[in-house]
Amino acid sequence: MRKKFLNLVLSFALITVLLPITVQAQDGECRDALPPRLVVGANGQVAFTDGSPLNVRDAAGLTANQIGQLPEGASFVVAEDPVCADGIYWWRIESMAAGGWVAEGADGEYFIEPYASTAPDVAFGTWDWNLYRSKYSYNDDVPDPFQIVPPPSYAGDMPTLPINLDEVQFAADAGLTPEQLALLAQNGFVVVPGGFKQFDEAYRDTETWWSFPLEWDGEIDTPGEMGHSCFVTTDAMLQVLHDIFDNLLADLENEAFYPTMLNEVLIPSPFGGWQLSRGGVFSYYEFVGNINQRMTDEEWRAQVDSGSLPPRPSWVSAFFSE
Numbered sequence: 410m411r412k413k414f415l416n417l418v419l420s421f422a423l424i425t426v427l428l429p430i431t432v433q434a435q436d437g438e439c440r441d442a443l444p445p446r447l448v449v450g451a452n453g454q455v456a457f458t459d460g461s462p463l464n465v466r467d468a469a470g471l472t473a474n475q476i477g478q479l480p481e482g483a484s485f486v487v488a489e490d491p492v493c494a495d496g497i498y499w500w501r502i503e504s505m506a507a508g509g510w511v512a513e514g515a516d517g518e519y520f521i522e523p524y525a526s527t528a529p530d531v532a533f534g535t536w537d538w539n540l541y542r543s544k545y546s547y548n549d550d551v552p553d554p555f556q557i558v559p560p561p562s563y564a565g566d567m568p569t570l571p572i573n574l575d576e577v578q579f580a581a582d583a584g585l586t587p588e589q590l591a592l593l594a595q596n597g598f599v600v601v602p603g604g605f606k607q608f609d610e611a612y613r614d615t616e617t618w619w620s621f622p623l624e625w626d627g628e629i630d631t632p633g634e635m636g637h638s639c640f641v642t643t644d645a646m647l648q649v650l651h652d653i654f655d656n657l658l659a660d661l662e663n664e665a666f667y668p669t670m671l672n673e674v675l676i677p678s679p680f681g682g683w684q685l686s687r688g689g690v691f692s693y694y695e696f697v698g699n700i701n702q703r704m705t706d707e708e709w710r711a712q713v714d715s716g717s718l719p720p721r722p723s724w725v726s727a728f729f730s731e
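Add 409 to a position in the sequence shown, counting from 1, and you land on the number used in my numbering.
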């Protein structure tokens, strides 16, 4: 069918030379064209027809310059409302491969179509996003990320980049470096190393932050004592997505990684029974070997010097001496 479309292009070029006045009068009329099916801002794809690629042009019209091609099944984003030219509706599209104008169809056949997801339909639970965004607390339970349906306004609720940080109230007081502020403006978020006192309370949690001494003042003495990295964003939706993803990783660690390590490392350990009977306390820095036992600094240093154990942060000595 697209071969016939190519013949139409050649025929049109010939008619343009012979009958320019007649063509000009008909140009732009789309009474007989296929009805438009795409929506600005939505995804589309090249329809599967005869295997031929779809031409991408620098303007709407059969005589416009070809600037690229898209294979069947290629996806794109619709950038503008359709334009009628040469009796065909043309859409401006953006894609990773090529951006420009494409014909919607001809001779009763569509060349492009709304994007059809191949993902199976899944029955998801519902969740009040507005309530979450307005009353969310870090210590609250985050819903199962696989049971959340984004709100209808999801696409339009993302930030418009770049961000004007002059309109962001906390930006000047966040303690970010110029490089971090530049990334925040560029992306709407930035991940900064841990250890910032400004973010200590927001990221402190009895389950995930207990490995730091209570007297920690936010200053970094050694790399081993660095706090958790912090996610800083200017957009509520990005914060929600980060919270969901962070919660998913925490679930994987707590429910899969740590139990596996306990079974594979601690249980077979010859020290296992002794450690359990003594009620030994250990941190996640130290449980990956036969090392979750109370030691004096001298005993620990001897094993570190011999290469049997890695160094531990300076605060561990005080923690284990209690």
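Where is the CB? At the ideal position from N, CA and C, for every residue including glycine.
Everything numeric in this text was worked out from a predicted model, so none of it was measured.
**Report entry** Residue of Gly-460, Tyr-498, Val-487, Ala-473 minimising C-alpha distance to Leu-453
**Finding:** The identity of residue 453 in the sequence shown is Gly, whereas the question assumes Leu. The shortest C-alpha separation from Gly-453 is found at Val-487.
Query - Nearest-angstrom beta carbon gap, Phe-640 and Val-600 [assumed within contact, 8 Å] - result: The C-beta separation of Val-600 from Phe-640 comes to about 6 Å, placing the pair in contact by the 8 Å criterion.
Query raised in the report: For Asn-464, does the count of other Cβ atoms within 10 angstroms reach 16, so buried, or fall short, so exposed?
Result: buried
Report task. Please specify which runs of the beta strand (DSSP E), each continuous and at least 3 residues long, are wholly inside the region 478-528, giving them in chain order. Result -> 484-487, 492-494, 497-503, 509-512, 521-523
Query raised in the report: For the alpha helix (DSSP H) that Leu-593 lies in, which residues bound it at each end?
Result: 587-596
**Report entry** For Asn-573 and Ala-468, the rounded distance between their alpha carbons
**Finding:** Approximately 33 Å between the Cα atoms of the pair.
Query - Identity of the residue in Pro-480, Thr-472, Ala-494 nearest Arg-440 by Cα - result: Ala-494
**Report entry** Member of Tyr-519, Gly-477, Pro-523 whose CA lies at the smallest distance from the CA of Gly-509
**Finding:** Gly-477
Report task. Indicate the three-state DSSP secondary structure (helix, strand or coil) for Gln-454 in the structure shown. Result -> strand
Query raised in the report: Do Gly-517 and Glu-438 have their C-beta atoms closer together than 8 Å?
Result: no
Query raised in the report: Taking buried to mean at least 16 other C-beta atoms within 10 Å of its own C-beta, is Val-449 buried or exposed?
Result: exposed
Query raised in the report: What's the C-alpha gap between Pro-462 and Glu-481?
Result: 6 Å
Query raised in the report: How about Trp-499 and Leu-447: are their beta carbons less than 8 Å apart?
Result: no
Report task. Tell me whether Ile-572 sits in a helix, a strand or coil according to DSSP, three-state version. Result -> coil
**Report entry** Cβ shell of Glu-522 (< 7 Å), same chain only, five flanking positions each side left out
**Finding:** Arg-446, Gly-453, Gln-454, Ala-456
Requested in this report: Could you give the DSSP three-state label for Arg-440: helix, strand or coil?
Outcome: DSSP places Arg-440 outside both helix and strand once states are collapsed to three, so it counts as coil.
Query raised in the report: Which class does Arg-466 belong to by DSSP, given the choice of helix, strand or coil?
Result: strand
Query raised in the report: How is the beta strand (DSSP E) around Thr-642 delimited, first residue to last?
Result: 639-642
Query raised in the report: Do you know how far the Cα of Leu-593 is from the Cα of Phe-654?
Result: 19 Å
**Report entry** Local Cβ density within 10 Å of Leu-479, reported as buried at 16 or more and exposed below that
**Finding:** buried
Report task. Could you pull out every residue in the same chain whose Cβ sits closer than 7 Å to the Cβ of Asp-490, ignoring the five residues on either side in sequence? Result -> Val-449
**Report entry** Bridge partner(s) assigned by DSSP for Val-601
**Finding:** Cys-639
Report task. Within the same chain, show all residues whose beta-carbon is closer than 8 Å to that of Glu-513, passing over the 5 residues directly before and after it, in chain order. Result -> Excluding sequence positions up to five before and after Glu-513, its CB lies within less than 8 Å of the CB of Ala-442, Leu-443, Pro-445, Arg-446, Leu-447, Pro-491, Ile-497, Tyr-498, Trp-499, Trp-500, Tyr-519, Phe-520, Ile-521, all in the same chain and listed in chain order.
Requested in this report: Indicate whether Gln-589 and Pro-571 have their beta-carbon atoms separated by less than 8 Å.
Outcome: no
Query raised in the report: Helix, strand or coil: how does DSSP classify Gln-578 here?
Result: coil
Query raised in the report: Going by C-alpha distance, which of Ser-504, Asn-474, Gly-470 is nearest Ala-515?
Result: Gly-470
Query raised in the report: Apart from the five residues just before and just after His-651, which ones in its own chain have a Cβ nearer than 6 Å to its Cβ?
Result: Phe-640
Requested in this report: Compute the Euclidean distance between the alpha carbons of Ser-484 and Asp-714, then round it to the nearest angstrom.
Outcome: 59 Å
Query raised in the report: Distance, Cα to Cα, Gln-475 vs Ile-502?
Result: 14 Å
**Report entry** Other residues of its chain near Met-505: CB distance less than 6 Å, five sequence neighbours each side excluded
**Finding:** none
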